[in-house]
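Below you'll find the structure, written out as structure tokens, and then a few comments.
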């Protein structure tokens, strides 16, 4: 594949990964809203835009990695059929958990993330140190 084809493939994989992660974020935003209502705070006080953006960036990375894995020899462009699109969406959705777990396990200090700020954290709100709901 040419460099231009690789760039297009990576962008497509990354964008589909972001869409997959966006699907994952929707229930997280609902949790944030419910938490804000329970605490009688404005949504903006408990919502973290930085966490959301990091979550979407991780989805982009997962989608880009998935498209690299789908072209084993690098000699031919990947055909974009429905199955490939669904695979890349799933990579953005599920790959985020894998990447976050890797960062928590392998980087010093959990990669700078606390359980309360990690985008895919599934702990109940009551178990969080600062009660900040997850984004996805």
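In my numbering, the protein residues as written are 1419 to 1554. Glycine is no exception: its CB is placed at the ideal position from the N, C-alpha and C atoms. Bear in mind that the values here come from a model prediction, so they are computed numbers and not experimental data.
query                                                                                   : result
Burial state of residue 1509 (16 or more Cβ within 10 Å)                                : buried
Inter-residue CB distance, residue 1440 and residue 1506 (contact presumed, cutoff 8 Å) : No, residue 1440 and residue 1506 are not in contact; Cβ-Cβ is about 13 Å, not under 8 Å.
Alpha carbon of residue 1422 to alpha carbon of residue 1428, nearest angstrom          : 10 Å
Cβ-heavy atom distance, residue 1525 to the ligand ZN, below 8 Å                        : This structure lacks the ligand ZN; in fact it carries no ligand of any kind.
Residue 1433 vs residue 1481 beta-carbon contact at 9 Å                                 : yes
For residue 1546, the three-state DSSP class (helix, strand or coil)                    : Because the pLDDT at residue 1546 is just 40, under 50, the model does not fix this residue reliably, and the value given afterwards should be weighed accordingly. Coil, per DSSP.
Where residue 1533 sits in the DSSP three-state scheme                                  : Note on residue 1533: pLDDT 45, under 50, position unreliable in the model; the coordinate value appears next. Residue 1533: coil per DSSP, three-state reduction.
Assigned secondary structure, residue 1467 (DSSP; H/G/I helix, E/B strand, else coil)   : helix
Alpha-carbon spacing of residue 1478 relative to residue 1512, whole angstroms          : 12 Å
Straight-line Cα distance separating residue 1424 from residue 1445                     : 33 Å
Nearest neighbour of residue 1514, chosen from 1459, 1502 and 1473 [CA to CA]           : 1473
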